[in-house]
């Protein structure tokens, strides 16, 4: 019984080590479908729903990007009316693509939020094994 | 290598070159897709007469919003733009910087002229009635909020600039804090179109 417990413990340890090793040593690749873009959309009918009294945030207060992996912010207005979306005024059907090249914290005025602010945090590329583990852990 | 193989290779090369030529180089600024016509406006110019966006059709215009009493954002942006123009050399003649005030109470044409001239003598300022300026801000999605600070006041305002191409289309938005080299990179692309 004691020996079985030891084997289970050993197997769990080995599995944990394998996951840790994979998370730290496997390079992070960009998504095949959208590459380095992080897309946010204003759905059709948003303005009409707001006019009807529904109050919903379109964008999260904080957007997190990572250099070299997901570092292009894409905003798209699918609604039928112009919208102040992120930092800019966008016409119906228009999209706005903003690439980031420096890890930093960016503040944008944004009327889509109650606070009037949108924060974009751009993290540096996770170059070390430990940084890759943390990057993957944040996305769990 | 026979003639058929050479022809095949040349054809492949031509297709590759054509594909490369069609893919527009990426701007460092945020890009609007599809681009739309920059909303027209007519304001009091810091130079002489009326400031109309249409006057600069054929040039690449960088459009910014701010005020001459601004202590943080505007001096940095204007100094960066002046540096970018210097770096462009002769092609800077095809670039026009237009700066519209968010503080018409204090920014008359003479004050704007004096302030902008200190950065670059070619910079043009725009001012007008509060109502006219509010309409321009609405068209461009610019926010401006007056904030009292003791005996004086400041104006919190959008800090980005717009890049308008030679055809008068709103092409891109450069966030605050980007370098003169980033502006030069994008201006060269827009000037070459």
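Chains as they are written, first to last, in this note's numbering: chain A, 1 to 140; chain B, 1001 to 1193.
We put the CB at the ideal spot given by N, CA and C, even for glycine.
Note to self: On a Cα-Cα basis, can you pick out the residue from B:1104, B:1094, B:1141, B:1192 that is closest to residue 1061 of chain B?
What the structure shows: B:1094
Next item on the list: Provide the residue span of the beta strand (DSSP E) that contains residue 1130 of chain B, from first to last.
Entry: In the DSSP assignment, residue 1130 of chain B falls outside any beta strand (DSSP E) and within the unbroken alpha helix (DSSP H) covering 1130-1140.
Notebook entry, point to check: Do the segment 1121-1137 of chain B and the segment 1091-1108 of chain B touch if we need at least three Cβ pairs shorter than 8 Å?
Noted result: yes
Next item on the list: Measure how close the beta-carbons of residue 65 of chain A and residue 100 of chain A come, nearest whole angstrom, since I'm counting them as under 8 Å.
Entry: 6 Å
Notebook entry, point to check: Is any beta-carbon of chain B found at less than 8 Å from that of residue 106 of chain A?
Noted result: Contacts with chain B at 8 Å (Cβ-Cβ) include residue 106 of chain A.
Check: Does DSSP put residue 1022 of chain B in a helix, in a strand, or in coil?
Finding: For residue 1022 of chain B, the predicted structure reports a pLDDT of 45, less than 50, and the residue's modelled location is therefore unreliable. The matter cannot be settled from this model.
Item checked: residue 107 of chain A to residue 1111 of chain B span [Cα, whole Å] -> 30 Å
Check: What are the boundary residues of the alpha helix (DSSP H) that residue 79 of chain A is part of?
Finding: Segment: none, residue 79 of chain A is in no alpha helix (DSSP H) and carries neither H nor E.
Margin query: Suppose contacts are defined by Cβ-Cβ distances below 8 Å. Is residue 71 of chain A in contact with residue 36 of chain A by that definition?
Written below: yes
Item checked: residue 1029 of chain B in three-state terms, based on DSSP -> coil
Margin query: So residue 91 of chain A contacts chain B; which residues on that side make the cut at Cβ distance below 7 Å?
Written below: 1036
Notebook entry, point to check: So what does residue 1092 of chain B bridge to, in DSSP terms?
Noted result: Looking at the DSSP assignment, residue 1092 of chain B forms no beta bridge with any residue, so it has no partner.
Note to self: Measuring straight from C-alpha to C-alpha, what distance separates residue 1075 of chain B and residue 14 of chain A?
What the structure shows: 59 Å
Next item on the list: With a cut-off of 8 Å on the beta carbons, I'd call residue 1052 of chain B and residue 1042 of chain B a contact; round off their distance for me.
Entry: 5 Å
Notebook entry, point to check: Since residue 1030 of chain B meets chain A, which of its residues come closer than 9 Å, beta carbon to beta carbon?
Noted result: 73, 75, 86, 87, 88, 96, 97, 98, 99
Check: Alpha carbon to alpha carbon, what distance is there between residue 6 of chain A and residue 1031 of chain B?
Finding: 59 Å
Next item on the list: At 9 Å on the CB atoms, spell out the chain A contacts of residue 1067 of chain B, in chain order.
Entry: Neighbours of residue 1067 of chain B on chain A: none; closest Cβ ~16 Å, over 9 Å.
Checklist line | Reference residue 1045 of chain B, options B:1124, B:1156, B:1178, closest by Cα | finding: B:1124
Checklist line | Neighbour list for residue 1175 of chain B in chain A, Cβ cutoff strictly below 8 Å | finding: 87, 98, 106, 108
Check: Between residue 1128 of chain B and the rest of its own chain, which residues show a CB-CB distance below 7 Å, the 5 nearest in sequence each way excluded?
Finding: Cβ neighbours of residue 1128 of chain B within its own chain (closer than 7 Å, five residues either side excluded): 1043, 1044, 1104.
Checklist line | Cutoff 8 Å: residue 132 of chain A Cβ touching any chain B Cβ | finding: no
Next item on the list: Report the residue from A:84, A:91, A:122 whose alpha carbon sits nearest the alpha carbon of residue 102 of chain A.
Entry: Per the C-alpha coordinates, the member of A:84, A:91, A:122 positioned closest to residue 102 of chain A is A:122.
Item checked: chain A residues whose Cβ lies nearer than 8 Å to that of residue 1140 of chain B -> 89
Checklist line | Bridge partners - residue 1126 of chain B, DSSP secondary structure assignment | finding: B:1045, B:1100
Margin query: Please tell me whether residue 1033 of chain B has its Cβ less than 8 Å away from any Cβ of chain A.
Written below: yes
Item checked: Proximity test, residue 54 of chain A beta-carbon vs the ligand ADP heavy atom, cut-off 7 Å -> Summarising the ligand content, the structure contains no ligands, and the ligand ADP is consequently not present.
Next item on the list: Using a Cβ cut-off of 8 Å (strictly closer), state whether residue 1041 of chain B contacts chain A.
Entry: no
Check: Three or more C-beta pairs closer than 8 Å, one from the segment 1079-1088 of chain B and one from the segment 1162-1172 of chain B: is that the case here?
Finding: no
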